[in-house]
RNA sequence: GCCCGGGUGGUGAAAUUGGUAGACACGCAGGACUUAAAAUCCUGUGGGCAGUAAUGUCCGUGCGGGUUCAAGUCCCGCCCCGGGUACCA
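Structure, rendered in structure tokens:
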């Protein structure tokens, strides 16, 4: 009898379903453990081999935790709102809800084939009204909250209104833009509209006008992290800046907490670093400069206040509000021309020409508050309105951009730091001693910064200030397929929907095209008196991990009990591509819900593992057009490139990808043979006039991202049909560390496949005769299995699943050599293996006559007693290099070891009669003799 | 430019705290079984030199230096690859 994986795997799945063993109960007395996968967007092309990498890892770990006695939550769901379904709907007229549902069905079928232990009763779909009801509810909480900087947390707007009624806003310190000061009486005299407008400046979900990334092709606004190189991340369409009224979430209020709490997380350093960079904290000072002849100040932000004596000019962003006032009549034309030029430039042009120096002089002069010298005020697009104050003091001696600007426009450069003692220091390095700087002269830069900050505050010129690069998040899409925003308008004032009226359902439509000028599809719906934009893709994914804890609750987003029990995600597995998007937003929502008392943890994801991407190998042949029959026949010949080809009438027509499934692999090279070519022709009719002279043509491999158009997508279904799910799971793990990106190849899958058959032959011989028996295990066999138990447990804990697979192979090889078919040993092996290859484990568990599912069996513990060697081998190194090995009995005295080693033939040969200089012992394992 | 990873045989890779580099697997070569094939099993497999051989010996973890009895691992300086990010003052 052979290892029949189809039958085994079907049986196992049936059993799991009948026993319903993946159902997770909330509130068990066992300790909880929450393992989460980043839920997929259900795209139309289904799963490819890259998807399951993380899913297999999380499945192994969650099964392992179950064996170890934890109550494990391991759910799966779908991030089902999104652009592709809507784009597809515009092209085909099919409703996104229908296509999304079909895709989800396909995904679930494919996931089901791999034996994952998801509790499907807890499935969530972000597009389901029962789910987005609560996404909308969280939005309403954000709308009804403001951020109190004094308590450093979100608080209710109602309370804020009470403060306004009592004492106005003078004592309120809120996150957001600077507010006009008003008194309690002022507040009471404001109209409803005025009051609401003021409150809007405090709310955590707020409407504001801002320059946004507008993508005309997609008809929508994109977040900064959805724009790459001035083009949309999805589809690569051009993006322009456009001023629009938009919903925002005030994530900047949480910048400091998002930064500080990173230290509490078990995430990779690179992932934390990416978030730190994205938040972009900088310490500096803001300072006011008086303007010569005008009654106004310009405020600048700088991280280098120490260089103030070298500030020889000032630069404003072209959009700065004071530009008009500062422009002198003589400079009006130049300034206007420059503003026109800046506005004409697309985002892409700006980004691709970062090095280009442009600018214009306003004609005005500011007074350097420390030198009292007038310095010219310029404007340039290298100063951004969105960061700091939109104005800088330029120190060309110590800033690369200021230096380039000064050189280009011939402005004075004043050295203020002597860097001569630091030869390698760059212009911007904070190294050296101050000079030409009055009272700072002679100080080290870092001391000078502290000193000048005190001076600035003492003289009332400005104050220390911390700035963040993080921007408030735009929270709206001019789109149909997303959560409706639960806001209605009266008198053009936005009001929140009553929570009782949630969910605000997405209206039925059959035309999903955006209107002219990017009008959202919902604006076309008659009687739609609500906000016409919908929420962005990341809304639903910012809290889904909480919903799994209590997915069917209709009275709350999660019950208190479920939240108290599950608390947070212990292990989160997903790709790095979400480093600054999803992972930052989800942390922000968690903190906000924490402030309101709805959740008990300040961070949602304790430990994070990033799986690498599995790339595809594209196979490329060079194809030549060689006319035949006096040019009447068009034949494309696939031949290896040869010298003089072109002169013989052959025209290279380019490189063609060949579908990986028809390609053969021999001697480390890829070939397409005549059979493969025929199959290709059948599937891709446009290649019918391809020919080859030889039996096979070598193809050139190229590693790139898996994509339909490159014909390099490998579908897990094919592998599973050929080898079975257990082999597929083991092989994906065997391929290398989970964190690493690597190209998919099936070159080594035979090794894993052989392992499965060897494992099978521990239980049955080729004739189907049962081999396992009840004999007690001997010492040698116990050593093998206990060594393996120890290694596997350690390797699982440190997520080294590739070495786990190797150790299973070693174990099975050794048991095969020992002809060990004893249940006493095989039982432990099967439980050990169950997280990795659950189907065969379940089958063997039953065959051996054990009760229940193998999933319920406790994970084996190793017994140290069986790992003690009876004798041990000493490697002896001489001058650091191992020269000999000497065997000793276990109970030898330590002093005898040295004597015997020194007396040994090898050591004597090296000593040549002299005394050793030194003898070093290491962990009782090595003796190094220094000669 | 800056930040974070990484570079080990023909290939995927191991080496957990500085302690026998290359485990395990693929591939390849040779052999056994077979009419043959598949399957299975056995042997060899980083490189050089010496030896009929067992074996000995030197070199070897991107490059150059250093610390140490001992370095893939730590330190300094480079090169290359991958990811992130960028007029952020």
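Residue numbers (my numbering): 1407 to 2337.
The C-beta atom is built at its ideal place from N, Cα and C for all residues, glycine as well.
For residue 1799 and residue 1695, the gap between their C-alpha atoms comes out near 9 Å. By the Cβ-count criterion, residue 2273 is exposed, with fewer than 16 other Cβ atoms from all chains shown falling within 10 Å of its own Cβ. For residue 1946, the enclosing alpha helix (DSSP H) starts and ends at 1944-1947. For residue 1688, the uninterrupted beta strand (DSSP E) run begins and ends at 1687-1697, by DSSP.
A Cβ-Cβ contact shorter than 8 Å links residue 1535 with residue 1909. It is roughly 9 Å from the alpha-carbon of residue 2029 to the alpha-carbon of residue 2097. Collapsing the DSSP output to three states places residue 1597 in coil.
With fewer than 16 neighbouring CB atoms inside 10 Å of its own CB, residue 1827 falls in the exposed class. Between residue 1460 and residue 1979, the beta carbon gap of about 5 Å places them in contact (Cβ cut-off 8 Å). The continuous stretches of alpha helix (DSSP H) do not include residue 1646, which lies in the beta strand (DSSP E) extending over residues 1646-1655. Here the C-alpha atom of residue 1862 lies approximately 39 Å from the C-alpha atom of residue 1752. For residue 2082, the uninterrupted alpha helix (DSSP H) segment begins and ends at 2080-2089. Annotated as proximal: residue 1485 and residue 1946, with beta-carbon spacing under 8 Å. In the three-state scheme derived from DSSP, where H, G and I count as helix and E and B as strand, residue 2335 is classed as strand. Taken in chain order, the whole beta strand (DSSP E) runs of length 3 or more contained in the segment 1437-1476 are 1438-1443. Rounded to the nearest whole angstrom, the CA to CA distance from residue 1548 to residue 1663 is 17 Å. A direct Cα-to-Cα measurement between residue 1923 and residue 1745 gives close to 24 Å.
For residue 1682 and residue 1604, the gap between their C-alpha atoms comes out near 32 Å. Leaving aside the five residues that flank residue 2194 on each side, the residues in its chain whose CB is nearer than 7 Å to its CB run, in chain order, 2213, 2217, 2238.
Scanning 1964, 1940, 1656, 1570 for the CA closest to the CA of residue 1876 turns up 1656.
CA-CA distance, residue 2224 to residue 2310, rounds to 34 Å. When only Cα atoms are considered, residue 2151 and residue 2157 end up about 13 Å apart. Within the segment 1947-1979, complete alpha helix (DSSP H) segments of at least 4 residues are found at 1950-1953, 1966-1972, given in chain order. Judged by DSSP in its simplified three-state form, residue 1873 adopts strand. For the set 2235, 1429, 1872, 2022, the Cα lying nearest the Cα of residue 2169 is the one of 2235.
As summarised for the segment 1787-1847, the continuous beta strand (DSSP E) elements at least 3 residues long and confined to that stretch are 1797-1800, given in chain order. Within the segment 2085-2153, the runs of beta strand (DSSP E) that reach at least 3 residues and sit entirely inside it are, in chain order, 2102-2110.
As for any alpha helix (DSSP H) of minimum length 4 sitting wholly inside the segment 2225-2303, the runs are 2229-2239, 2244-2253, ordered along the chain. Boundaries of the alpha helix (DSSP H) around residue 1543: 1535-1549.
About 6 Å separates the Cβ atoms of residue 1483 and residue 1531, confirming a contact at the 8 Å cut-off. Rounded to the nearest whole angstrom, the C-alpha separation of residue 1583 and residue 1614 is 11 Å. Within 10 angstroms of the beta-carbon of residue 1884 lie 16 or more other beta-carbons, which makes it buried. Cα atoms of residue 1588 and residue 1931: separation of roughly 41 Å, rounded to the nearest angstrom. With respect to the 8 Å criterion, residue 1469 and residue 2264 are not classified as neighbours on the basis of their beta carbons.
Per DSSP, the unbroken beta strand (DSSP E) holding residue 1703 starts and ends at 1703-1708. With contacts defined by Cβ atoms closer than 8 Å, residue 1685 and residue 2139 do not form a contacting pair.
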